[in-house]
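Novice:
Protein chains in written order, with the working numbering: chain A, 75 to 186; chain B, 2 to 165.
1) Assuming residue 141 of chain B contacts residue 154 of chain B under a Cβ cut-off of 8 Å, what Cβ separation, rounded to an integer in Å, is found between them?
2) If we cut at 8 Å on Cβ distances, does residue 35 of chain B have a partner in chain A?
3) If you reduce the DSSP assignment to three classes, tell me which class residue 15 of chain B lands in.
4) Answer with buried or exposed for residue 75 of chain A, where buried requires no fewer than 16 other C-beta atoms within 10 angstroms of its C-beta.
5) Within 8 Å of any Cβ in chain B, is that where the Cβ of residue 118 of chain A sits?
6) Would you call the stretch 101-109 of chain A and the stretch 168-178 of chain A in contact, with 3 or more CB pairs under 8 Å?
7) Find the residues of chain A that neighbour residue 241 of chain B, judging by a C-beta separation of less than 7 Å, and give them in chain order.
8) Note down, in chain order, all residues in the stretch 81-93 of chain B with a beta-carbon under 7 Å from any beta-carbon belonging to chain A.
9) I'd like the list of long-range same chain contacts for residue 164 of chain A, defined as Cβ closer than 6 Å, with 5 residues on each side in sequence excluded.
10) What is the DSSP secondary structure of residue 184 of chain A, reduced to helix, strand or coil?
11) State the Cα-Cα distance for the pair residue 94 of chain B and residue 152 of chain A, rounded to the nearest angstrom.
12) CB-CB under 7 Å to residue 26 of chain B, same chain, minus the five flanking residues each way: which ones, in chain order?
13) For residue 77 of chain B, write down the residues that DSSP places opposite it in a beta bridge.
14) State the start and end residues of the unbroken alpha helix (DSSP H) segment that holds residue 114 of chain B.
15) With distances taken between CB atoms, is the gap from residue 131 of chain B to residue 102 of chain B smaller than 8 Å?
16) Determine which residues of the stretch 133-164 of chain A have a Cβ less than 7 Å from any Cβ of chain B, and write them out in chain order.
17) Mapping DSSP to helix, strand and coil, what is residue 6 of chain B?
18) Run through chain C and tell me which residues come within less than 7 Å of residue 139 of chain B, C-beta to C-beta.
19) Using a 10 Å radius around the Cβ and a threshold of 16 neighbouring Cβ atoms, would you call residue 97 of chain A buried or exposed?
20) At which residues does the beta strand (DSSP E) containing residue 98 of chain A begin and terminate?
21) Going by DSSP, what residues sit across from residue 58 of chain B in a beta bridge?
22) For residue 82 of chain A, which of helix, strand or coil comes out of DSSP?
This is the structure we're talking about:
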């Protein structure tokens, strides 16, 4: 697998993949990424904080990061030979001031 | 006598100076967030029945999806925060406790908006049902100083979208 390649597996946050038959379970897969804001986005978000509401810069940043965490989890599942991940969960935590960790985990399975 | 007058003027100016920016920010925030909420109300009315299935929203994982053609993981997140002025006056409010109206508004807005976006995403993927919806809330501290720690809250909604 080349680094930077995007892959796409079946994913769901229920016990099965709806419409498919679960054949084999391969165990836990995880993916995480730690992100810090960049200063441009922070200044903009600071200005936005004058009126409040949605902070679009942060929304985008977190979305990007979460997709990357998912991508890492899918890579791990792919290298185990799985073609689907069930029971996907997300967790967000503050690891340091100015940085937060986005973490996702699930069970790698083979479906037909 | 005049020195007392000058003292009073200086005190007044400094009080006004301290409260001017938060008041401005509070008023702007009220106006802006009111607009957001009104827009959201409109959108909810319009797109409330966007998905045409009867059981399209569910927090359970029991499959009404028998006969499903395919599924996809949906996830949407949104970052919201109250305005600086609201946070400033909230500090005074928290001396007596009780309901914090500014946080109420902002968090309610965020949660409704994230559900609406989840529905939109499901629609984009061609899903007719959304199963096992989970909404998570977390405090995002991208700010370096402790003071503005709760300046933004993230709502994450994730679910399994089902094509029937």
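By construction, the Cβ of each residue, glycine as well, lies at the ideal position given by its N, Cα and C atoms.
Being a predicted model, the structure only gives us computed values, none of them experimental.
Specialist: With the structure as the only source:
1) Residue 154 of chain B and residue 141 of chain B do touch by the CB rule: their CB atoms are close to 7 Å apart, below 8 Å.
2) no
3) helix
4) Caution applies to residue 75 of chain A, whose pLDDT of 48 falls short of 50 and renders its modelled position unreliable; the value that the coordinates give is listed next. Label assigned to residue 75 of chain A: exposed.
5) no
6) yes
7) With chain B represented from 2 up to 165, any question about residue 241 of chain B goes unanswered, as that position is not in the structure.
8) 81, 82, 83, 84, 85 and 87
9) The residues are 178.
10) strand
11) 52 Å
12) Beyond the five residues adjoining it in sequence on each side, residue 26 of chain B comes within less than 7 Å, by CB distance, of 84, 85 and 86 in the same chain, given in chain order.
13) By DSSP's assignment, residue 77 of chain B forms a beta bridge with B:158.
14) 102-125
15) no
16) 133, 136, 137, 140, 162 and 164
17) helix
18) Looking for chain C here will not work: the only protein chains present are A and B.
19) exposed
20) 96-110
21) DSSP lists B:131 as partners of residue 58 of chain B.
22) coil
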